[in-house]
Amino acid sequence: MAESTSRLGSIGIICGSVALLLALVHFYAGPFSPQLTLETSIAEKAVEIRDATVAALRGEEVEKKTLGSEMDLDRVVQITTAVLGGLAVILGVFGYARHESKRAALGAAVLGAFAIAFQFLGVALGIIIFAILVSAVLSGLGFG
Numbered sequence: 003m004a005e006s007t008s009r010l011g012s013i014g015i016i017c018g019s020v021a022l023l024l025a026l027v028h029f030y031a032g033p034f035s036p037q038l039t040l041e042t043s044i045a046e047k048a049v050e051i052r053d054a055t056v057a058a059l060r061g062e063e064v065e066k067k068t069l070g071s072e073m074d075l076d077r078v079v080q081i082t083t084a085v086l087g088g089l090a091v092i093l094g095v096f097g098y099a100r101h102e103s104k105r106a107a108l109g110a111a112v113l114g115a116f117a118i119a120f121q122f123l124g125v126a127l128g129i130i131i132f133a134i135l136v137s138a139v140l141s142g143l144g145f146g
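Structure, rendered in structure tokens:
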């Protein structure tokens with residue numbers, strides 16, 4: 003009996019599995035880098051928005067700030083998860099194109115896609131909650 007090899011699909015399954023585990027660990031155990039407390043972060047944003055609004059209404063020049071690209075452990079974990087998930091999807095597609103086992107190719111693509119989607123949904127949910135809290139604080143300050 004001839005045994006078919008699914009090298010690309012198997013490597014993709016490993017990459018997708020690691021990516022999904024990394025996303026889950028980061029979601030439940032993270033963040034790993036020091037973070038501002040939620041209260042401090044929301045208070046700083048509310049004050050920045052208030053000051054920029056008042057300055058714009060007075061016709062003053064508003065200082066434009068740019069965000070720095072700091073690499074910390076959380077950012078490295080996010081990038082690694084996305085790269086491994088994308089690699090799993092790509093390997094699954096190549097495995098399917100090379101007529102490897104459909105189960106291995108599909109498994110790799112699904113695991114990679116789930117890892118990317120889980121990470122994206124976690125970030126999107128955090129942004130939505132943060133926006134709601136900032137708007138509530140601004141409303142409480144009389145800007146809503």
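The sequence shown begins at 3 in the numbering used here and counts up one residue at a time. Every residue, glycine too, gets a C-beta built ideally from N, C-alpha and C. Please read these numbers as outputs of a predicted model, since none were measured by experiment.
- Straight across, the Cα-Cα distance linking Lys104 with Ile81 is about 28 Å.
- With a cutoff of 8 Å on beta-carbon distance, Gly87 and Gly114 are scored as near each other.
- For Gln37, there is no enclosing alpha helix (DSSP H), as DSSP marks it with neither H nor E.
- Ranked by how close their Cα comes to the Cα of Ser137, the residues Ser43, Gln37 and Gly61 have Ser43 in first place.
- Excluding residues up to 5 positions away in sequence, Leu93 lie with their Cβ nearer than 6 Å to the Cβ of Ile13 in the same chain.
- Looking from the CA of Leu143, the closest CA among Lys47, Ala126, Leu40 and Val112 belongs to Lys47.
- Taking each of Ile118, Glu62, Leu140 and Ser8 in turn and checking the Cα distance to His28, the smallest one comes out for Ile118.
- Counting every other CB atom within 10 Å of its CB across the protein chains shown gives Gly70 a total below 16, marking it as exposed.
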